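In my numbering, the protein residues as written are 256 to 462. The beta carbon of each residue, even a glycine, is placed where N, CA and C say it ideally should be. Quick caveat, the model's predicted, so the values are computed rather than measured. The structure appears below as structure tokens.
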Amino acid sequence: MTIEAVIFDIGNVLIEWNPERHYDKRIGRERREALFNDMDLHAMNDAIDRGAAWKETVYATAEASPEWAPEIRMWHDEWIFMAAPAISHSVHLMRALRMKGIPVYALSNFGIESFAYAETQYEFLTEFDLRYISGHMGVAKPDTEIYQMLEEDCGFSGRSLLFTDDRAENIKAAKMRGWQTHLFQSPQAFAGVLVQHGLLSFQETIP
């Protein structure tokens, strides 16, 4: 079946997302490990990804845990340093596909306000043909509903969609809908998949 659209996750596919790395730089590994053991900051972020207000959620969590308040507020105040840098080869692949006239979509767990901010820092986030951002949708991967909502909106489904994501559970959920998938580990490996599908030539995958 012809692939009608290529769908990119954003975090760790187009932009590196590594809060622990930033916290290690700012407060040291030992204190970061203590923080992350005491506070489930990723669960806090999951709420933001499902539409909760970004700053309000982070600051309320900080207020409820004063012993960690400055470090928790960093999740908002220094967020851009956790979501960096862009994975330039992946961005090249996205743009190369669009240059060939192949629709490119984003399907990402991302907060409303944090995504709006990211757009001001990474111009390529404005270049997708369609964007499916969990905060706006009120549902997040790997919930089945978010994949169904994408299909209903774009009009494509099953093996006509090629999806890459760095999380195995998100890939598994897409496979259950019949999508073609690739567990993202490097842009070079995904470039090979695009060549195998005849979407890009090898030369076109080279930045």
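message = Whole angstroms are fine: how far does the CA of Thr257 sit from the CA of Asn273?
response = 35 Å
key: Nearest candidate by alpha-carbon position, reference Pro340, set Glu424, Phe379, Ala446   = Phe379
query = Enumerated in chain order, which unbroken segments of the alpha helix (DSSP H) with a length of 4 residues or greater are wholly contained in the region 350-381?
reply = 367-376
At least three beta-carbon pairs within less than 8 Å, the region 358-369 to the region 316-329 = no
Opening and closing residue of the alpha helix (DSSP H) in which Thr419 lies = Not the alpha helix (DSSP H): Thr419 falls in the beta strand (DSSP E), residues 416-420.
inquiry  = So the candidates are Pro442, Met299, Arg286; which of them puts its Cα closest to the Cα of Phe263?
reply    = Pro442
task = Please determine if the region 384-399 and the region 290-307 are in contact, where contact requires at least 3 C-beta pairs separated by less than 8 Å.
result = yes
request  = Helix, strand or coil for Gly266, going by three-state DSSP, please let me know.
outcome  = strand
query = Within this structure, are the beta carbons of Glu459 and Lys310 separated by less than 9 Å?
reply = no
query = If we count the other Cβ atoms within 10 Å of its Cβ and call it buried at 16 or more, is Asn300 buried or exposed?
reply = buried
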